[in-house]
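Taking it in order: structure first as C-alpha cells, then the write-up.
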Amino acid sequence: MALTRTIEELTEIADYVLSVMTEAEKENYLEMTDQEQRLLIVNHLAKRG
Numbered sequence: 001m002a003l004t005r006t007i008e009e010l011t012e013i014a015d016y017v018l019s020v021m022t023e024a025e026k027e028n029y030l031e032m033t034d035q036e037q038r039l040l041i042v043n044h045l046a047k048r049g
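Numbering-wise (UniProt numbering), the sequence shown opens with residue 1 and increments by one.
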C-alpha cells in the first residue's frame with residue numbers, strides 16, 4: 001500500500017537525520033523555528049546525496 005511505503009520512507013529519513021545530528025543540534029532542535037528545523041533536515045539530507 002502506498003501509505004505504508006510513504007510512512008516507511010519517512011521513518012528511514014528521520015532515523016538517518018537523527019543518526020547524523022550532533023548532540024547540540026538535538027538539544028536545540030525543539031527551540032528552533034519550523035524554518036530552522038526544516039533547514040537543518042535539508043542540509044543533512046543534502047550531505048547524504
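The beta carbon of each residue, even a glycine, is placed where N, CA and C say it ideally should be. A quick note: this is a predicted structure, and the numbers were derived from the prediction, not measured.
Three-way DSSP call (helix, strand, coil) for residue i in this model
i	result
T11	helix
T22	coil
T4	helix
Integer Cβ distance of residue i from residue j, believed to fall under 8 Å
i	j	result
V17	L45	7 Å
Candidates the options: closest to residue i by CA position
i	options	result
K47	Q37, E27 and V20	V20
Whether residue i touches residue j by CB criterion (8 Å)
i	j	result
Y29	Q35	no
In chain order, each alpha helix (DSSP H) run of at least 4 residues that lies wholly inside the stretch 22-49: For the stretch 22-49, the full-length alpha helix (DSSP H) segments reaching 4 residues or more read 23-28 and 34-48 along the chain.
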